[in-house]
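Below is one structure, written out as structure tokens, with a few remarks after it.
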Amino acid sequence: MPFVKMHGCGNDYIYVIADRIRPVDPAGLARRISDRRFGIGGDGLIMLCPAIDADVRMEMYNADGSRGEMCGNGIRCLARLYYETAGRHKNPLTVVTDCGIKTVALTVSGGAVTATVDMGEPILAGRDIPVDYDGPVIDFPLQAAGRIERITAVSMGNPHCVMFVTAGHIFSLDDREFARLGREFEHHPFFPRRVNTEFVQPLASDHLKMRVWERGSGETLACGTGACASLVAAVLTGRADRKAVVELRGGKLQIEWRKSGNGANHVFMTGEAVEVFRGEIELSDSELTSANA
């Protein structure tokens with residue numbers, strides 16, 4: 015089965031066009047090929063599947079095999095791959111995700127491709143995020159990691175827990191300590207479907223710095239939905255304007271939470287979509303099935 019390795023700001027996935035055949039066990043395949051020592055290496059598997067009411071459907075699996083509802087960096091790369099292979103250069107295009115249909119507009123300049131995604135409205139109602147609380151969770155005290163942390167919870171189709179830090183210590187933590195902290199929040203009972211956790215340092219009203227722990231994948235170099243959630247949380251707590259650059263370990267994203275006009279109250283994300291390499295995954299006939307099965 016052919017694959018394409020792509021990344022957005024270092025958030026890398028293995029992409030498979032599953033319009034005719036697809037793996038029987040995509041969750042198991044995601045675990046196998048995501049391994050950075052014994053597989054291709056990546057943050058998960060994303061499949062391009064046929065769609066009825068849109069151009070293409072995104073089916074996403076994290077590195078641990080769990081389903082992901084949405085990935086901001088992933089959808090940009092998926093849009094580029096569809097545009098270049100199956101989409102006959104249609105632009106903009108529509109993508110079905112597990113949290114609704116998203117519109118993606120591509121900008122092609124030479125060999126570089128950037129994409130702007132309408133990520134929709136942020137979800138702030140507690141039970142809809144979901145969290146174990148009825149109302150909005152904004153600057154909310156939560157007992158975690160042996161102390162009280164103040165968090166803001168936002169869903170961009172997947173749940174996020176945003177914490178603001180005033181110093182750069184979180185960005186210099188060693189990987190082991192950061193992993194301990196990330197797992198503490200990911201599996202906290204306050205988040206019934208686990209959670210992605212963002213540690214954010216406001217540098218200016220239009221500039222945020224972010225480090226992320228993604229549920230099912232661990233620390234990644236970037237998280238597009240996390241960058242969107244971080245800007246929303248920063249606006250809600252008076253730390254940022256509605257348009258800002260979010261700086262991640264793997265690069266920068268431009269995030270805008272529109273207040274009026276076209277796309278009112280929607281969050282828009284702009285960033286790169288980069289192809290790394292192509293190859294073939296060896297699968298037996300018994301490991302494949304028809305995409306229409």
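Counting with our numbering, you get residues 15 to 307 for the letters of the sequence shown.
Every residue, glycine too, gets a C-beta built ideally from N, C-alpha and C.
If you're wondering where the values come from, they're calculated on a predicted model, not measured in any experiment.
If I follow the unbroken alpha helix (DSSP H) through residue i, where does it start and stop?
| i | result |
| --- | --- |
| H183 | 183-186 |
| E212 | Unbroken run through E212 is the beta strand (DSSP E), 210-218; no alpha helix (DSSP H). |
| S347 | With the chain running from 15 to 307 in the structure shown, residue 347 is simply not present. |
| G196 | 189-200 |
Which class does residue i belong to by DSSP, given the choice of helix, strand or coil?
| i | result |
| --- | --- |
| L43 | helix |
| N25 | strand |
| N306 | coil |
| N87 | helix |
| Y75 | strand |
| E270 | strand |
| T128 | strand |
| G80 | Before going further, note that residue 80 is Ser rather than Gly in the sequence given. Looking at S80 - three-state DSSP - the assignment turns out to be coil, as it is neither helix nor strand. |
| R141 | helix |
| G265 | strand |
| E135 | coil |
| A258 | strand |
| A93 | helix |
| S298 | coil |
According to DSSP, residue i sits in a beta bridge with which residue or residues?
| i | result |
| --- | --- |
| G232 | E228 |
| D112 | D112 is not bridged to any residue. |
| P155 | R164 |
Locate the beta strand (DSSP E) running through residue i, then write down its first and last residues.
| i | result |
| --- | --- |
| R292 | 288-294 |
Rounded to the nearest angstrom, what separates residue i and residue j at their Cα positions?
| i | j | result |
| --- | --- | --- |
| A159 | D189 | 16 Å |
| D49 | D78 | 9 Å |
| G9 | K19 | A question about residue 9 goes unanswered here, because the residues of the chain that appear run from 15 up to 307. |
| V131 | V70 | 15 Å |
| C184 | H221 | The question names Cys, yet the displayed sequence has Ile at residue 184. If I take the Cα positions, the gap works out to 17 Å. |
| F205 | P144 | 7 Å |
| P16 | Y29 | 9 Å |
| A129 | A119 | 6 Å |
| R141 | Y147 | 6 Å |
| P106 | T117 | 7 Å |
| R164 | A193 | 19 Å |
| E294 | Y27 | 15 Å |
| V179 | R225 | 11 Å |
| P37 | V109 | 21 Å |
| A126 | V246 | 28 Å |
| L2 | N25 | This structure leaves residue 2 out entirely; the chain is present only between 15 and 307. |
**Prompt:** Using 8 Å as the threshold, is the segment 210-226 in touch with the segment 61-72, meaning 3 or more CB pairs across them?
**Reply:** no
**Asked** Counting pairs of Cβ atoms below 8 Å between the segment 238-247 and the segment 281-298, do you hit three or more?
**Response** yes
**Segment contact, 8 Å Cβ cut-off, at least three pairs: the segment 246-253 with the segment 80-99** = no
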